[in-house]
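Asks:
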Amino acid sequence: MEKWRRVVGGVAGTPDSGVPGLPFLHRALLLPLLFAASKALRLLSHLQRRTSTSTSLPVPVVSVGNLTWGGNGKTPMVDFLARAFHRIGVSPLILTRGYAGGDESRMLRRRLSDTSAKIGVGPNRAAVATSMLRKYGAQIGVAILDDGMQHLSLLRDVDIVMINALNPWGNKHLIPRGPMREPLTALTRAHILLIHHANLVSQPQLKTILSTVHDNGAACPVFFSKLVPSHIFQVNQPMHRLPLHVLHGIIVLCVSAIGCPDAFIHSVQEIGPLKIERLDFSDHHSFSSHDLQLIQDTLKKLVYQHKNNAVVLVTEKDYDRDPDVLRALDAKVWVLSSCLQIIPHEGQGDDEFMRKDWSINSIPVAEYALLI
Numbered sequence: 004m005e006k007w008r009r010v011v012g013g014v015a016g017t018p019d020s021g022v023p024g025l026p027f028l029h030r031a032l033l034l035p036l037l038f039a040a041s042k043a044l045r046l047l048s049h050l051q052r053r054t055s056t057s058t059s060l061p062v063p064v065v066s067v068g069n070l071t072w073g074g075n076g077k078t079p080m081v082d083f084l085a086r087a088f089h090r091i092g093v094s095p096l097i098l099t100r101g102y103a104g105g106d107e108s109r110m111l112r113r114r115l116s117d118t119s120a121k122i123g124v125g126p127n128r129a130a131v132a133t134s135m136l137r138k139y140g141a142q143i144g145v146a147i148l149d150d151g152m153q154h155l156s157l158l159r160d161v162d163i164v165m166i167n168a169l170n171p172w173g174n175k176h177l178i179p180r181g182p183m184r185e186p187l188t189a190l191t192r193a194h195i196l197l198i199h200h201a202n203l204v205s206q207p208q209l210k211t212i213l214s215t216v217h218d219n220g221a222a223c224p225v226f227f228s229k230l231v232p233s234h235i236f237q238v239n240q241p242m243h244r245l246p247l248h249v250l251h252g253i254i255v256l257c258v259s260a261i262g263c264p265d266a267f268i269h270s271v272q273e274i275g276p277l278k279i280e281r282l283d284f285s286d287h288h289s290f291s292s293h294d295l296q297l298i299q300d301t302l303k304k305l306v307y308q309h310k311n312n313a314v315v316l317v318t319e320k321d322y323d324r325d326p327d328v329l330r331a332l333d334a335k336v337w338v339l340s341s342c343l344q345i346i347p348h349e350g351q352g353d354d355e356f357m358r359k360d361w362s363i364n365s366i367p368v369a370e371y372a373l374l375i
């Protein structure tokens with residue numbers, strides 16, 4: 004299954020200019036199927052938007068979504084918002100689908116256990132929200148809709164759209180021929196755009212992204228963000244924080260099954276281990292016994308080659324997907340914990356971001372201004 008995902012992902016990620024270089028069978032069989040499926044998805048999406056009905060909640064709803072598949076920083080943004088609302092005395096309700104084993108919901112539940120945040124999980128998020136609001140009532144002051152841009156069953160007051168600076172639009176084709184969930188013109192629905200991993204690209208690249216945004220009619224505020232490592236923990240001791248410098252002078256095997264593994268590798272490089280090797284799996288992949296053997300064999304080979312200590316390092320999403328699997332590895336396995344930060348730009352930082360977030364569509368900004 005993983006091999007098939009890689010084949011499809013490789014074809015889906017190929018720009019039109021690279022199609023002649025694909026193997027013949029991929030061009031003759033797989034590519035036409037992906038094109039046909041993309042056209043069907045576009046038609047289905049159009050029909051859903053024309054026929055869907057949306058539920059209004061009695062609290063403000065902030066949606067965090069994106070136009071492309073995976074690696075855009077939605078979960079770190081939800082975590083950032085939940086903590087920001089908690090700090091000002093507004094208890095958030097996070098509504099998440101629990102996709103592909105629910106690694107995001109598990110991660111959010113663990114990370115936000117020290118806050119007033121409540122987490123509701125289920126594909127029918129309107130029904131989940133109604134149930135949670137009935138249970139907690141006035142304790143909930145705002146709802147945060149995780150991966151909500153294409154979720155039509157809930158009306159929202161604020162649409163935050165995340166853009167991955169490392170790969171903002173891919174080949175611009177719709178899923179499954181490309182990574183796009185909707186055409187670029189959908190950016191006009193955004194109230195706030197946030198370009199994530201902005202620290203990993205050049206200023207000309209950021210200008211190109213902004214130009215594309217404006218060319219497609221988006222006129223909303225734009226912010227920039229980055230993912231900042233905070234600490235490390237062992238899979239057997241998640242509550243015991245280790246400083247980042249424990250990676251200095253050792254060999255690190257980075258293992259991940261996330262949407263943007265390059266950003267993970269960059270974060271580890273910034274910490275400064277002796278050497279980094281990587282094993283990348285497809286997004287949301289659950290590690291099998293074969294995968295675990297591959298990880299252990301790769302780690303042993305690194306130790307033998309370099310005559311030095313080596314550890315396996317994974318992301319929080321990989322840990323929360325199935326911590327017991329990682330504990331079964333006959334190796335030292337550590338987890339890198341990170342958080343999203345707004346990059347100050349032209350006088351706009353965390354406070355300005357939350358003011359924008361809390362003032363759009365008549366959400367009372369006065370209450371927020373008194374609390375910061």
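Residues 4 to 375 in my numbering are what the sequence shown lists, from first letter to last. Ideal Cβ placement from N, Cα and C applies to all residues, glycine included.
1. As a quick exercise: from 180, 128, 246 and 146, pick the residue whose alpha carbon is nearest that of residue 81.
2. Tell me which residue opens and which closes the alpha helix (DSSP H) that residue 183 is part of.
3. Secondary structure at residue 8, three-state DSSP: helix, strand or coil?
4. With residue 230 and residue 259 assumed to form a contact (beta carbons below 8 Å), what rounded beta-carbon distance in angstroms separates them?
5. Hey, is the region 221-237 in contact with the region 285-302, meaning 3+ C-beta pairs nearer than 8 Å?
6. Just to confirm, are residue 280 and residue 250 a CB contact at a threshold of 9 Å?
7. How is the alpha helix (DSSP H) around residue 292 delimited, first residue to last?
8. Should the region 61-78 be called in touch with the region 165-178, which here means at least 3 C-beta pairs below 8 Å?
9. Tell whether a beta-carbon distance below 9 Å holds between residue 324 and residue 184.
10. Okay, do the region 177-191 and the region 132-142 touch, 3+ Cβ pairs below 8 Å being the bar?
11. Please state whether the Cβ-Cβ distance between residue 263 and residue 79 is less than 9 Å.
12. Rounded to the nearest angstrom, what separates residue 255 and residue 74 at their Cα positions?
13. Let's test the definition: count the other Cβ atoms within 10 Å of the Cβ of residue 367 and tell me whether it reaches 16, buried, or not, exposed.
14. Report the CB separation of residue 422 from residue 162 in whole angstroms; it is logged as a contact under 8 Å.
15. Which residues mark the beginning and the end of the beta strand (DSSP E) in which residue 121 is found?
16. Do you know offhand how far residue 370's Cα is from residue 322's?
17. Just the C-alpha distance for residue 327 and residue 308, rounded to the nearest angstrom, thanks.
18. Are the beta-carbon atoms belonging to residue 34 and residue 47 less than 9 Å from one another?
Replies: From the atom records:
1. 146
2. First-last for residue 183: undefined, no H or E at that position.
3. helix
4. That belief does not hold up - the Cβ atoms of residue 230 and residue 259 are roughly 13 Å apart, past 8 Å.
5. no
6. no
7. 292-309
8. yes
9. no
10. no
11. no
12. 22 Å
13. Bear in mind that a pLDDT of 49 at residue 367, under 50, signals an unreliable position, so the model cannot answer this.
14. What the structure shows of the chain is the stretch from 4 to 375, and residue 422 is not part of that stretch, so it cannot be assessed.
15. 121-124
16. Residue confidence is low: residue 370 scores 42 on pLDDT, short of 50, so the model does not pin down where it sits. Its coordinate-derived value is still stated next. Near 38 Å, if we compare the C-alpha coordinates of residue 322 and residue 370.
17. 29 Å
18. no
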